[in-house]
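Q: In my numbering, the protein residues as written are -1 to 793.
Beta carbons are placed, not taken as given, at the ideal position from N, Cα and C, and that holds for glycine.
Computed from a predicted structure; not experimentally measured.
Input: one structure, supplied below.
Dropping the structure here:
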């Protein structure tokens, strides 16, 4: 009887085993048909931070959807690895992706948790977590768990344990925006993983269970208890000695205090570069590929350009007075209220303050940190006309923006006007600095490349070059007098006026441009021909298809600051076409160059998705010859005239600069736009100021009073250490001394050095009898400068 029972029991077990095995085989077959391809993990590159640098190696910005620094498993210290194994998967090295004993233990524990309304625990191995993070969703379902188990087993058949650990330790989220152990070590302790103590390694290994709950910044006690639990597990698993465990448990968690990483203030520039790289490689690749992008930025020039633009905009805005406090609040608990007050975009580089007390002569202010200061009446003269008391402007409880300057607090506000500045190496096209607005946080619209505005008088050099190319000479005489221009049947006559509404009579072509005389410009355009002027403007890339209207010659067309800066750069470099570029080269995470300006093509550009280009062969191609836009003789003649504009024309505010400078102001009708374009033998600088919604900046506003000061401020701070160089006089130019007013040969005190083409005769000039030609090789352009006609013309 007993023997029969044993036989029947064995049969039953075999039958149940067969049924169970068949069921298991069926389940594996059913859920294996549509599993993700885990072999792709062999080629996996964890998303890494893309970094952008200036040409001199300073960090501009970091870009990443997930902040991660990839490290190979061979570079991860053993104590850190063991901490994660003890905390997450003690049998990692012995199981085949699934730990049956952990699953059973978790199941038993969860029965108790369910009875006590506590959250269920998981029994997932490190391998299962890799599968979940890389291949499956986080959906809680039996089907996903079955697929996870199948994939985990298969993964261990293809990947080594170290390969699985490498994937896990670089991918896992550890709180505070940190992905992977290397980034977490920096975020929490400001250390490399090699510098971590056992205790610090245990802190990081505590995080996967619940990054938010065990964040030591939020809950130090809970984090400490979890850290000590991990250390005890490491001791139990044989990874630590008793002394190491005791010492590490006694070690307090000391988090790093992070100073803000010093970066260059170049948000508009960085946005432009980001846009270009995404256009080349796609957004996914940009944010995940761990690229190193070397830009053309000169960090000193960039800082100077940013400061100069803000200075110029702020100076103009202050002339319009103070527009009022941000808000008025009660003084009760003012410090806490101020700390909770959100600084408006556009004021982020200033401090918030509250007015605590007001007298006629000053206002006492309180700042977020509880400190106090004073704003004096003498520093508030700009806020209103004939202000004699601080109380006229400020009231107790007013929240205002202030800046500490030379130990004094100065009232600030968000300017209503905006602008841009661009600095470029005109030989190569490298954009050395660019700032597209007063504050990127307030407006991300880049006014260097996207704002289409009228250039006003800054268009005039191209009108004059059209005439010079058609045979005119700098000393040709044109009449500065009222003019009427026939515009066609049924249209009124056009009667342009000068900015000052006066006339100088017959003057030279040079003087007409130096003084920015509108009537002379119109007559010069008639000499050149309207079609020729339009072709010249198009040739320089200012406007591809300018309308053939007479007002075009005074700047009634649309262009951008970038286009105008490039156009003046062509004048500066002798007439060669240039294209502005912002990026020097790009490297992938392995250090391979995948893009380089000037002599390589970008292979694989405009691809979709995150495609690894590390092995793409980038062919070297010959750099093409630079295209000639205008001959060097005409180019030099215009340089000479624009140098004269700085010495005795509308740009004389720039005369004190120690470098040789050429340039032209620009002001549009009703002073809606103010420009200055200036250059040296090395760089070209474009500045623009105006309202985003065009309106007049005032009766006396002009390029000379608003945009030119931005240029001067930049030159005094960003270019001050550069030597003063002369423009090279080409062989196609001969220099001679002439009378500034009449244009005739002269060696008198009011003579200037004029530049003539060698193939043109000088009217009424017998060179061999009356005057000696100037040797261009020993020529100083400022040797003979007659400062006559000190007109207040500022157009």
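From residue 364 to residue 347, what distance separates their C-alpha atoms?
A: Within the chain shown, numbered from 1, the residue matching residue 364 stands at position 366. Within the chain shown, numbered from 1, the residue matching residue 347 stands at position 349. The alpha-carbon atoms of residue 364 and residue 347 are separated by roughly 17 Å.
Q: Quick check on the DSSP output: what are the complete beta strand (DSSP E) runs of length 3 or more inside the stretch 283 to 324, in order along the chain?
A: The qualifying runs are 290 to 293.
Q: Note down, in chain order, each residue of its chain lying with its Cβ closer than 6 Å to the Cβ of residue 88, except the 5 sequence neighbours on either side.
A: As a first step, residue 88 must be located in the chain shown, where it is residue number 90. Hits under 6 Å: 235.
Q: Classify residue 325: buried if its beta carbon has 16 or more other beta carbons within 10 angstroms, exposed otherwise.
A: Translated into positions along the chain shown, residue 325 becomes position 327. Exposed, because fewer than 16 other Cβ atoms sit within 10 Å of the Cβ of residue 325.
Q: Excluding the 5 residues preceding and the 5 following residue 638 in the sequence, name in chain order all residues of the same chain whose CB lies nearer than 6 Å to its CB.
A: Residue mapping note: residue 638 aligns to position 640 of the chain shown, counting from 1. Cβ neighbours of residue 638 beyond the five flanking positions: 753.
Q: By alpha-carbon positions, which one of 157, 60, 148, 90 ends up nearest to residue 42?
A: On the chain shown, residue 42 is found 44 positions in, with the first residue counted as 1. Closest option to residue 42, Cα to Cα, is 157.
Q: DSSP on residue 350, reduced to helix/strand/coil?
A: Taking the first residue of the chain shown as position 1, residue 350 is located at position 352. Looking at residue 350 - three-state DSSP - the assignment turns out to be strand.
Q: Mind checking whether residue 508 and residue 472 have CB atoms under 8 Å apart?
A: The count along the chain shown starts at 1 and reaches residue 508 at position 510. The count along the chain shown starts at 1 and reaches residue 472 at position 474. Closer than 8 Å, so yes.
Q: Answer with buried or exposed for residue 155, where buried requires no fewer than 16 other C-beta atoms within 10 angstroms of its C-beta.
A: In the chain shown, residue 155 corresponds to position 157, counting from 1. Result: exposed.
Q: Starting from residue 476, follow its DSSP beta bridges and name the residues at the other end.
A: Translated into positions along the chain shown, residue 476 becomes position 478. In the DSSP output, where bridge partners are listed per residue, residue 476 has 505.
Q: Would residue 50 and residue 59 qualify as a contact pair, given that the criterion is a beta-carbon distance under 8 Å?
A: Numbered from 1 along the chain shown, position 52 holds the residue referred to as residue 50. Numbered from 1 along the chain shown, position 61 holds the residue referred to as residue 59. Cβ distance < 8 Å, so residue 50 and residue 59 count as in contact.
Q: With 16 as the cutoff for other CB atoms within 10 Å, does residue 411 come out buried or exposed?
A: Walking along the chain shown from the start, residue 411 turns up at place 413. Residue 411 should be labelled buried.
Q: When you compare only the Cα positions, how much space is there between residue 539 and residue 561?
A: To locate residue 539, count along the chain shown from 1; it is residue 541. To locate residue 561, count along the chain shown from 1; it is residue 563. Taking the straight line from one Cα to the other gives about 6 Å.
Q: Looking only at its own chain, which residues have a Cβ that is under 6 Å from the Cβ of residue 275, when we skip the five neighbours before and after it?
A: Here residue 275 refers to the residue found at position 277 of the chain shown. Excluding sequence neighbours, residue 275 sits near 284.
Q: Would you check if the distance between the CB atom of residue 409 and the CB atom of residue 400 is smaller than 8 Å?
A: In the chain shown, residue 409 corresponds to position 411, counting from 1. In the chain shown, residue 400 corresponds to position 402, counting from 1. Contact: yes.
Q: In terms of residue numbering, what span does the alpha helix (DSSP H) encompassing residue 677 cover?
A: Translated into positions along the chain shown, residue 677 becomes position 679. Note, residue 677: premise wrong, no alpha helix (DSSP H); beta strand (DSSP E) at 671 to 677.
Q: By alpha-carbon positions, which one of 262, 362, 475, 215 ends up nearest to residue 54?
A: The residue you call residue 54 lines up with position 56 of the chain shown. Ranking the options by Cα distance to residue 54, first place goes to 262.
Q: Skipping 5 residues on each side, what residues in its chain have a beta carbon closer than 7 Å to that of residue 249?
A: Start at 1 with the first residue of the chain shown, and residue 249 comes out as number 251. So the list reads 195, 197, once near-sequence residues are dropped.
Q: Starting from the Cα of residue 148, find the closest Cα among 376, 122, 736 and give me that residue.
A: Looking up residue 148 in the chain shown gives position 150. Nearest of 376, 122, 736 to residue 148, Cα basis: 122.
Q: Smallest Cα separation from residue 68: which of 204, 286, 264?
A: As a first step, residue 68 must be located in the chain shown, where it is residue number 70. Per the Cα distances, 286.
Q: Any idea if residue 435 is buried or exposed, counting beta-carbon neighbours within 10 angstroms, 16 or more meaning buried?
A: Taking the first residue of the chain shown as position 1, residue 435 is located at position 437. So residue 435 counts as buried.
Q: Pick out whichever of 131, 279, 77 has its Cα sitting closest to the Cα of residue 39.
A: Against the chain shown, residue 39 aligns to sequence position 41. Measuring from the Cα of residue 39, the nearest candidate turns out to be 131.
Q: On a CA-only basis, which of 755, 756, 193, 740 is nearest residue 749? Give me that one, please.
A: Reading the chain shown from its first residue, position 751 is the one you call residue 749. Closest option to residue 749, Cα to Cα, is 740.
Q: Is residue 219 buried or exposed, if buried means 16 or more other CB atoms sit within 10 Å of its CB?
A: As a first step, residue 219 is located in the chain shown; it is residue number 221 there, counting from the start. Exposed, by the Cβ-count rule.
Q: Can you check which of these residues, 582, 569, 666, 745, is closest to residue 659 by C-alpha distance?
A: Here residue 659 refers to the residue found at position 661 when the chain shown is read from its first residue. Comparing Cα-Cα distances from residue 659 to each of 582, 569, 666, 745, the minimum goes to 569.
Q: Which residue wins for smallest C-alpha separation from residue 685, given the options 708, 492, 124, 228?
A: On the chain shown, position 687 is the one that residue 685 refers to. The candidate whose alpha carbon is nearest that of residue 685 is 708.
Q: In angstroms with no decimal places, state the Cα-to-Cα distance between residue 305 and residue 387.
A: Here residue 305 refers to the residue found at position 307 of the chain shown. Here residue 387 refers to the residue found at position 389 of the chain shown. Straight-line Cα distance between these residues: approximately 31 Å.
Q: Check whether the stretch 518 to 525 touches the stretch 548 to 560, taking contact to mean three or more Cβ pairs, one atom from each stretch, closer than 8 Å.
A: The stretch 518 to 525 is in contact with the stretch 548 to 560.
Q: Just to confirm the assignment: which complete beta strand (DSSP E) runs, minimum length 3, are found wholly within the stretch 55 to 96?
A: Here the runs fully enclosed are 57 to 61.
Q: Quick check on the burial criterion: 16 or more other C-beta atoms within 10 angstroms. Buried or exposed for residue 469?
A: One-based indexing of the chain shown puts residue 469 at position 471. Residue 469 comes out exposed.
Q: For residue 460, does the count of other Cβ atoms within 10 angstroms reach 16, so buried, or fall short, so exposed?
A: Along the chain shown, one-based indexing puts residue 460 at 462. With 16 or more Cβ atoms within 10 Å of its Cβ, residue 460 is classed as buried.
Q: Just the C-alpha distance for residue 439 and residue 264, rounded to the nearest angstrom, thanks.
A: Locating residue 439 in the chain shown gives position 441, counting from the first residue. Locating residue 264 in the chain shown gives position 266, counting from the first residue. Their Cα atoms are separated by approximately 12 Å.
Q: List the residues that DSSP assigns as beta-bridge partners of residue 492.
A: Counted from its first residue, the chain shown places residue 492 at position 494. In the DSSP output, where bridge partners are listed per residue, residue 492 has 483.
Q: Look at the alpha carbon of residue 642 and the alpha carbon of residue 66, and state the distance between them as a whole number of angstroms.
A: As a working note, residue 642 is residue 644 in the chain shown. As a working note, residue 66 is residue 68 in the chain shown. Straight-line Cα distance between these residues: approximately 56 Å.
Q: Got a sec, what are the start and stop residues for the beta strand (DSSP E) residue 662 sits in?
A: The count along the chain shown starts at 1 and reaches residue 662 at position 664. Run containing residue 662: 660 to 665, per the beta strand (DSSP E) assignment.
Q: Indicate whether residue 293 and residue 581 have their beta-carbon atoms separated by less than 8 Å.
A: The residue given as residue 293 occupies position 295 in the chain shown. The residue given as residue 581 occupies position 583 in the chain shown. Closer than 8 Å, so yes.
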